[in-house]
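The block underneath contains the structure these notes are about, expressed in structure tokens.
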Amino acid sequence: LPSPWGPERFVYTGCMRSDERSGYEEGELSDCSLAGKLQRALDGRAVQVQPWDPTRFRPRQVLQLAPRNRGHVELLEDLQSQRLVVAKVMPISWTRTSHIEFVAAHPAETEMPWRDVCVTRYLSEELGNLHVCELVGLFRRPLAGSEGLGCGRAREEPGAEHLCMVMSHAGNDLFSWLGRTTARGREESARPMALQIFKITQKIHSCGVGHGDLSLENMLLASEEGALRFIDFGAATGRLARGLRGKSTFRAPEMYASSSYDAFLADIFSTGVAIFTLIVGNYPWKSTSPHSCQLFGYFKEHGLMAYLARRRFGRTCALDAGRRIRTRSQEVLPLSSVISPQLSSLLTGLLQVDPASRMSLQDALGHEWFHI
């Protein structure tokens, strides 16, 4: 990427709060064409909000509720393209009508709907639709447009309107794969997906974007062969970031510091948590927040190998109604008997608490675990 800062330095201001711009001069941005392109996208100039066409989209079902923003996710049939699509449906009372209005109304929010829309469009243009979902369009729909989907949606005020982010349908997330497998043999079957996780993260970083919310929920199985696509770029950022992003289990510990951090290195930590969870069938800890989780505290003090020898859990797992992982049996065994030495080595590099010591994605892709 041609840039006065080198091949990986990437900044933008269009979707940043003032504290996220720290250290950058406004004049520097005009010299970086890639930064300018993404800035235009994040300013909302890359997509237009279209009126909802009820003759085009046929409702199928509500897939998931999103209580945080009183929204939900719908499965729809796009009669124009004759394919299934997914709509992230959010009340405009929450999204507002532009990113600027959203930031003014939610100054502390790091997961931003307009950023999600524009970064999804930007990445699909830069990378194609093999790694991220295609953005079909952004639509403004009256409440009446969601009739026929049944119960379960959040209660709306009379006259409410929705912002609908319509994307290509890519299947279930990695939790669905996790629920079909058992600990024994899971490491080998997860290896191709781990390879994809690294490659897709690397491609996103090559476009100057840190995902900010990598987790199993945001990695979709797009085919029976196991092809993955990443979604949910509402917490995306340039390489320099501040503040908490993503889910507490997957957050890199440096996010809790008051200073800025490298969002790319934070993503790498999240990939380590994701791969651990895929193979072990359980989260390594609930949170990386200081003094909030004994499991992470033990890992931080003693290292991964001691953690694996000490940690025990059920041999198989399932998901409860809240999509939390729980064990199916009372049988327990040490993690060190489930995870191979090669995988332990890979996870040790990915989960370094000190980001300066963390393994790079290039080194992860060349790790011996992929060649056993």
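For what it's worth, my numbering labels the leading residue of the sequence shown as 2, then goes sequentially.
Note that beta-carbon positions come from the ideal geometry of N, C-alpha and C, so glycine has one too.
The structure displayed is predicted, hence computed values, not measured ones.
Just measuring C-alpha positions, the residue of Trp286, Ala258, Tyr308 and Leu352 sitting nearest serine 338 is Tyr308. Counting C-beta pairs with one atom in each stretch, the region 97-111 and the region 172-183 have fewer than three that are closer than 8 angstroms, which means they do not touch. Rounded to the nearest whole angstrom, the CA to CA distance from leucine 348 to threonine 111 is 28 angstroms. If you ignore the 5 residues before and after serine 94, its C-beta comes within less than 7 angstroms of the C-beta of Ala161, all in its own chain and listed in chain order. Leaving aside the five residues that flank isoleucine 280 on each side, the residues in its chain whose CB is nearer than 6 angstroms to its CB run, in chain order, Arg187, Glu188 and Ala191. Annotation for arginine 187: the continuous alpha helix (DSSP H) segment containing it runs 187-207. An exposed status is given to proline 68, since fewer than 16 other beta-carbon atoms sit within 10 Å of its beta-carbon. Under the three-state reduction of DSSP, glutamine 65 is assigned to strand. In the three-state reduction of the DSSP assignment, aspartate 268 falls in the helix class. Non-local C-beta neighbours of alanine 365 in its own chain, meaning closer than 6 angstroms and more than five positions away in sequence, comprise Phe199, ordered along the chain. Collapsing the DSSP output to three states places threonine 111 in coil.
Taking a cut-off of 8 angstroms on C-beta distances, the region 218-235 does not touch the region 299-313, as fewer than three cross pairs fall below it. Contact between serine 288 and threonine 250 holds: CB atoms are separated by about 7 angstroms, below the 8 angstroms threshold. In the DSSP assignment, leucine 229 falls within the beta strand (DSSP E) that extends over 229-231. Between the region 235-242 and the region 259-271 there are three or more C-beta pairs closer than 8 angstroms, enough to call the two in contact.
With the rule of 3 Cβ pairs closer than 8 angstroms, the region 205-217 counts as touching the region 123-134. In this model, isoleucine 269 and asparagine 283 are separated by some 19 angstroms (Cα to Cα). Closest in alpha carbon position to aspartate 117, among Gly172, Asp79, Gly213 and Ser361, is Gly213. Between proline 52 and leucine 305, the alpha-carbon positions lie close to 52 angstroms from each other. Secondary structure in the region 240-290: the alpha helix (DSSP H) runs of 4 residues or longer, each lying completely within the stretch, are 264-281 in chain order. Contact between leucine 196 and phenylalanine 371 holds: their C-beta atoms lie close to 6 angstroms from each other, under 8 angstroms. According to DSSP, glutamate 78 shares a beta bridge with Arg59 and Leu85. Per DSSP, proline 143 lies in no alpha helix (DSSP H); the unbroken beta strand (DSSP E) holding it starts and ends at 136-143. Within the DSSP secondary-structure output, serine 169 pairs in a beta bridge with Val86. In the same chain as cysteine 165, and ignoring 5 residues on each side of it, the C-beta atoms closer than 6 angstroms to its own belong to Ala88, Val90, Phe140 and Arg142, in chain order.
Counting other Cβ atoms within 10 Å of its Cβ, arginine 71 reaches 16 or more and is therefore classed as buried. Around the CB of arginine 312, 16 or more other CB atoms lie within 10 Å, so the residue is classed as buried. Your pair serine 290 and glycine 247 does not check out as a contact, with CB atoms roughly 12 angstroms apart and the cut at 8 angstroms. One Cα belongs to serine 99, the other to glycine 350, and the distance between them is close to 41 angstroms. Contact between arginine 57 and leucine 80 is confirmed by a C-beta separation of about 6 angstroms, below the 8 angstroms threshold.
Distance from the CA of glutamate 369 to the CA of glutamine 343, rounded to the nearest whole angstrom, comes to 7 angstroms.
For a cut-off of 8 angstroms, the C-beta gap from proline 254 to valine 354 is around 5 angstroms, short enough to register as a contact.
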